[in-house]
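Below is one structure; the comments refer to it alone.
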Amino acid sequence: MDLKASLINLQCELVAERALANPKNISWLQYDILFQLTREKDVLPSRLSTVLGISRAKLSKALRGLKLAGYISQSPNQSDGRELRTSITEDGKRLLSDISAKHTALHQAALRVLAREEQEEFARLSDKLSSALKEARLASRAEGGARP
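Quick note on the working numbering: the sequence shown kicks off at 19 and runs consecutively.
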């Protein structure tokens, strides 16, 4: 089995599935921002750019669009007025809920093709790889370098 080819194929399939689930034509970066805001409350842009592995300029543009659409709110950071704390709004939560309903089809497909043990192993291995990728990205950003 060719792991690299399998990972590329899975990534392509997941991107295709993602495209089917986008009801409001927000960018997938904007989706990722909203999703991250459900995991962390009142996040500073510096934290978001690090977690998402994107430049501050790219993040600022995406945040402006989300704010104009009413999906996020921003307020001054109490300790540093130059940065804005960012939170998801109720409209943003509803949008994510709509998208999540469409993700159910992906979950149902996995339930159909994977045995119970395979589902558990896939979830464990996916979480392990996702965590390692995120940790490497965060460590690289903290060191000021780029991940190989």
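Yeah, the Cβ is synthetic: ideal placement off N, Cα and C, and Gly gets one too.
Discussion item. Taking 8 Å as the threshold (C-beta atoms), are Ile-117 and Thr-104 in contact?
Written reply: Mapped onto the sequence shown, residue 104 falls at position 86. Mapped onto the sequence shown, residue 117 falls at position 99. Going by C-beta atoms, Thr-104 is not nearer than 8 Å to Ile-117.
Discussion item. Please identify the residue among Leu-151, Ala-128, Thr-56 whose C-alpha is closest to the C-alpha of Ala-141.
Written reply: Taking the sequence shown and counting its residues from 1, one reaches residue 141 at position 123. That would be Ala-128, whose Cα lies nearest to the Cα of Ala-141.
Item to complete: Would you mind sorting Gln-126 into buried or exposed? The rule is 16 or more other CB atoms within 10 Å of its CB.
Response: As a working mapping, residue 126 is identified with position 108 in the sequence shown. The residue in question, Gln-126, is exposed, as its Cβ has fewer than 16 Cβ neighbours within 10 Å.
Worksheet item: Excluding the five sequence neighbours on either side, which residues of its own chain have a C-beta within less than 6 Å of the C-beta of Leu-25, listed in chain order?
Response: Sequence index remark: in the sequence shown, residue 25 carries index 7 (1-based). Cβ neighbours of Leu-25 beyond the five flanking positions: none.
Discussion item. Could you check whether the stretch 151 to 158 touches the stretch 68 to 80, counting it as contact only if at least three pairs of C-beta atoms, one from each stretch, sit closer than 8 Å?
Written reply: yes
Discussion item. In the DSSP assignment, the beta strand (DSSP E) including Arg-102 goes from what residue to what residue?
Written reply: As a working mapping, residue 102 is identified with position 84 in the sequence shown. First, the residue type needs correcting, since residue 102 is Leu and not Arg in the sequence shown. Element bounds for Leu-102: 102 to 106.
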